[in-house]
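Enquirer: Sharing a structure, written as structure tokens. Questions coming.
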Amino acid sequence: QKEVEQNSGPLSVPEGAIASLNCTYSDRVSQSFFWYRQYSGKSPELIMSIYSNGDKEDGRFTAQLNKASQYVSLLIRDSQPSDSATYLCAVNTPSGTYKYIFGTGTRLKVLA
Amino acid sequence: DGGITQSPKYLFRKEGQNVTLSCEQNLNHDAMYWYRQDPGQGLRLIYYSQIVNDFQKGDIAEGYSVSREKKESFPLTVTSAQKNPTAFYLCASSLTGTGNTEAFFGQGTRLTVV
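From first to last, the protein sequence lines stand for chains A and B.
For the first sequence, my numbering assigns the number 1 to the initial residue and increments by one for each residue that follows.
For the second sequence, my numbering assigns the number 113 to the initial residue and increments by one for each residue that follows.
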């Protein structure tokens, strides 16, 4: 069973700090990686996708991918209380069937 | 506006009833997916479809059925065989079924058994 693992948290950071969210995956041939934000009671919203090793920046968000270590992370700079949510890591793996495998999410709390 | 529309937002089911959740997209996406989310849990794949008139079972397909007669529509039926159907149901779509494109979600349907 292919797995995606995240620390459930909660991860608490003060307002204005950098929040670092981590995700590991088990399938070495995974090709596509996604971060979603999910507010309580709402559906997941795509934040970023990353496909190549290295960093990808979009505003206050930076995704980092290291395929050798099977590790993907999301950095949120200048964290705001409105960033408080659960962040889901998703991996798509071409293991015979193309589907997205989700981690259970990390709950982030940004303290004002 | 382009997007994915799920209806209804809330649904109540009596024991022994079948209910159908609607999912429509106007993004011209080939692939569509149904996930179930239980409180404090991750998303679990129920069914997915990479192309019209074709669909595959996911990890928890028992007690559910789907159809994909039109590209835009992927309804999910929760049958009476599903013993614990109370959950948050999420429909998603992606441009292709190859796994290399982003998936987008509808607003979800919250199903409760009464």
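We treat Cβ as the ideally placed atom computed from N, Cα and C, and that holds for glycine.
Since Leu108/A and Leu11/A are thought to touch, with beta carbons under 8 Å apart, how far apart are those beta carbons, to the nearest angstrom?
Expert: Going by Cβ atoms, the distance from Leu108/A to Leu11/A rounds to 5 Å, so yes, they are a contact pair.
Enquirer: Can you pull the chain B neighbours of Tyr39/A, defined as C-beta to C-beta under 8 Å?
Expert: Residues of chain B passing the Cβ test: none, with the nearest at roughly 12 Å.
Enquirer: Relative to the C-alpha of Ser32/A, which candidate in Ala17/A, Ser52/A and Ala19/A has its C-alpha closest?
Expert: The shortest Cα separation from Ser32/A among Ala17/A, Ser52/A and Ala19/A belongs to Ser52/A.
Enquirer: Is the shortest distance between the beta-carbon of Gln114/A and the beta-carbons of chain B less than 9 Å?
Expert: Missing from the structure shown is residue 114/A; chain A here goes from 1 to 112 and no further.
Enquirer: Closest Cβ-Cβ distance between Tyr122/B and chain A: below 9 Å?
Expert: No, Tyr122/B lies away from the interface with chain A (no Cβ there is under 9 Å from its Cβ).
Enquirer: At which residues does the beta strand (DSSP E) containing Arg37/A begin and terminate?
Expert: Here the beta strand (DSSP E) through Arg37/A covers Ser32 to Gln38.
Enquirer: Along the chain, which unbroken stretches of the alpha helix (DSSP H) at least 4 residues long are found entirely within the region 37–72 of chain A?
Expert: List check, alpha helix (DSSP H) in window: nothing returned.
Enquirer: Measuring only the C-alpha atoms, how far is Val72/A from Asn130/B?
Expert: Those two C-alpha atoms are separated by around 40 Å.
Enquirer: Quick one: what does DSSP say Asp78/A is sitting in, helix, strand or coil?
Expert: Asp78/A falls in the coil class under three-state DSSP.
Enquirer: Closer than 7 Å by beta-carbon distance: list the chain B residues that pair up with Lys67/A, in chain order.
Expert: Residues of chain B passing the Cβ test: none, with the nearest at roughly 15 Å.
Enquirer: Using a beta-carbon distance cut-off of less than 7 Å, what residues from the region 189–220 of chain B approach chain E?
Expert: Structure shown: chain E not included; protein chains present are A and B.
Enquirer: So Leu157/B packs on Asp171/B, CB below 8 Å; how close in whole Å?
Expert: The Cβ separation is near 5 Å, so the contact holds.
Enquirer: Would you please verify whether the beta carbon of Phe34/A is less than 9 Å from any beta carbon of chain B?
Expert: At least one chain B Cβ lies under 9 Å of Phe34/A.
Enquirer: Specify the secondary structure class of Asp83/A as computed by DSSP and reduced to three states.
Expert: Helix.
Enquirer: For Ser40/A, collect the residues of the same chain with a Cβ closer than 8 Å to its Cβ; drop the 5 residues on either side in sequence, then sort them by chain order.
Expert: If we look at Ser40/A and ignore the five residues flanking it on each side, its Cβ neighbours are Ala85 and Thr86.
Enquirer: For Thr24/A, go through chain B and note every residue whose CB falls closer than 9 Å to its CB, in chain order.
Expert: Within 9 Å Cβ-Cβ: nothing; Thr24/A doesn't reach chain B, min ~14 Å.
Enquirer: Please tell me whether Thr62/A has its Cβ less than 9 Å away from any Cβ of chain B.
Expert: Chain B, which has no Cβ nearer than 9 Å to the Cβ of Thr62/A, makes this no.
Enquirer: Give the secondary structure of Asn22/A by DSSP, where H, G and I count as helix, E and B as strand, and everything else as coil.
Expert: Here Asn22/A sits in strand by DSSP.
Enquirer: Just to confirm, are Thr104/A and Ser43/A a CB contact at a threshold of 9 Å?
Expert: Result no, Cβ atoms of Thr104/A and Ser43/A do not sit closer than 9 Å.
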